[in-house]
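In what follows, a structure is listed as structure tokens, so that the remarks can point back to it.
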Amino acid sequence: MIRRSDGDVPTQTKMVHGIASTCDEAMKHKRFFHGIAGAALAAALFFPAWAREPVATIEDVRKLEQKISAVATKAMPVTVALISPDSGASGSGVITTADGLILTAAHVIEGAEEVQVVFPDGKQVHGKVLGANLSKDIGMVKITDEGPWPFIERGESKPLQAGDWVIAMGHSAGFDAARTPPVRFGRVVSDGPGNFMTTDCALIGGDSGGPLFDLEGHIVGINSSIGNALKNNNHAGVDGFKEDWDRLMAGEVWGELQMNPMLNPERPILGIEMGNAIRGGGVVIAAVSAHASKAGLRPGDIIENVDGTKVRDGAFLRVFLAKKQVGDKVKVGVNRGGNSVEVEVELIKQEQPK
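In terms of the working numbering, the sequence shown opens at residue 73 and continues consecutively.
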């Protein structure tokens with residue numbers, strides 16, 4: 073369902089470490105962007121090891137500021153509020169096609185058939201709720217009024233890694249005619265598990281469903297779960313829309329939203345039953361599914377590494393795989409009777425017949 077703007081979590085009005093601020097008043101003026109320079113420099117000083125695009129000089133900071141300003145200017149007209157005409161509860165979304173297709177979070181539109189789409193300038197149009205994958209927390213809305221509409225292109229979420237700069241937007245605390253959607257600036261903290269990623273962009277209630285952008289101004293994610301700690305600022309990767317596009321456009325609703333990603337029925341797995349951990353690292357395969365057997369895995373094999381990464385125990389293996397996507401192929405290094413064997417396995421959904 074569309075969540076009430078005051079019902080998600082306590083307000084986070086500032087990011088720690090001086091990375092960014094959600095100052096609404098500042099957003100009314102272009103001088104807001106001048107404050108980004110200081111924020112970017114602070115971020116670089118606090119987290120120099122994270123930077124995939126290092127900010128080492130004042131000139132680097134100025135260039136970063138210009139990119140953020142350009143993205144925010146481009147994204148502002150297409151970051152919309154989605155309001156339930158029945159309850160008045162609200163979330164956010166972003167327009168990604170000229171005919172008015174909106175990407176949002178599944179929990180924002182769950183249970184609704186239509187929403188009121190509100191632009192930052194106050195213009196209101198009608199939106200029809202399409203499909204949603206609750207497991208990935210992604211959903212779609214289509215503006216029914218005649219366009220064309222301003223829009224912004226989708227990018228890719230899979231290439232994102234910890235340290236990448238990102239910009240989050242949304243109608244914090246619900247639509248407010250007195251200000252435009254606040255701009256939050258930060259970095260990717262974790263690229264997983266599954267379709268999700270975590271950033272240190274501060275979010276509050278009402279931001280759910282709003283867009284996450286890279287520095288090229290492409291949509292790379294949708295604001296999903298929000299919590300008191302920065303580690304709870306999770307975003308659904310935009311690649312999930314590409315994978316489920318036809319089902320979403322057809323209005324299909326499926327899946328189950330789980331706070332524990334390990335319970336997600338769409339979580340990628342090898343199709344094995346894990347046995348005991350091995351002293352010094354590794355996991356014994358207790359049983360294999362038809363899928364894993366066909367790939368070449370055998371009961372009694374000891375999984376020592378996956379894609380060259382040493383496997384410490386079963387918990388490590390589950391988390392490692394959860395950061396992959398269903399359909400990805402991984403190279404599993406096993407010890408079989410004292411011999412090293414490498415097997416390529418395509419990951420399947422946890423819910424798939426095995």
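Where a beta carbon is used, it is the ideal one built from N, C-alpha and C, also for glycine.
Sequence-distant residues of the same chain with beta carbon closer than 7 Å to residue i, five excluded per side
i             : result
aspartate 263 : Leu232, Gln233, Ala234, Met269 and Lys395
aspartate 385 : Ala349 and Val355
threonine 169 : Phe223
alanine 322   : Gly203
valine 415    : Ala367, Gly368, Leu369, Val404 and Val406
leucine 117   : Any reading at leucine 117 needs caution, since the residue's pLDDT is 39, under 50, leaving its predicted position unreliable; the model's value is listed next. So the list is empty, once near-sequence residues are dropped.
arginine 103  : Bear in mind that a pLDDT of 35 at arginine 103, under 50, signals an unreliable position, so the model cannot answer this.
valine 197    : Val189, Ile215 and Asp217
Own chain residues within Cβ distance below 6 Å of residue i, not counting five before or after
i              : result
asparagine 306 : Phe268, Thr270, Ser296 and Ser297
leucine 173    : Lys214
glutamate 461  : Because the chain here runs from 73 to 426, residue 461 falls outside it and cannot be looked at.
asparagine 407 : Ile374 and Glu376
8 Å contact criterion, which residue i and residue j should meet: CB distance rounded
i            : j             : result
serine 207   : glutamate 328 : 6 Å
cysteine 273 : glycine 258   : 4 Å
serine 229   : glycine 309   : 3 Å
valine 127   : valine 152    : That pair is no contact at about 31 Å.
lysine 401   : valine 391    : Not confirmed; about 19 Å, so no contact.
valine 383   : glycine 353   : 6 Å
Which residues DSSP lists as bridging residue i, in chain order
i              : result
alanine 204    : Gly211 and Val325
tryptophan 237 : Arg259
proline 220    : DSSP lists no partner for proline 220.
isoleucine 276 : Paired residue(s): none; isoleucine 276 is not in a bridge.
alanine 364    : DSSP lists no partner for alanine 364.
histidine 307  : Met269 and Asn295
threonine 176  : Gly211
alanine 153    : Ser164 and Val190
proline 231    : Per DSSP, none; premise fails for proline 231.
histidine 198  : Gln188
glutamate 345  : Ala359
lysine 421     : Pro340
arginine 351   : In the DSSP output, where bridge partners are listed per residue, arginine 351 has none listed.
Range of the contiguous beta strand (DSSP E) that encloses residue i
i             : result
serine 164    : 162-167
alanine 142   : Run containing alanine 142: none in the beta strand (DSSP E); it sits in the alpha helix (DSSP H), 130-147.
lysine 401    : 401-408
glutamine 397 : Premise fails: glutamine 397 is in no beta strand (DSSP E) and is neither H nor E.
proline 283   : 283-285
glutamate 414 : 411-418
valine 378    : 374-378
Cβ-based neighbour list, residue i, same chain, cut-off 8 Å, excluding 5 preceding and 5 following
i           : result
alanine 359 : Ile344, Glu345 and Pro371
alanine 142 : Gly289
Extent of the continuous alpha helix (DSSP H) run through residue i
i           : result
leucine 389 : 386-394
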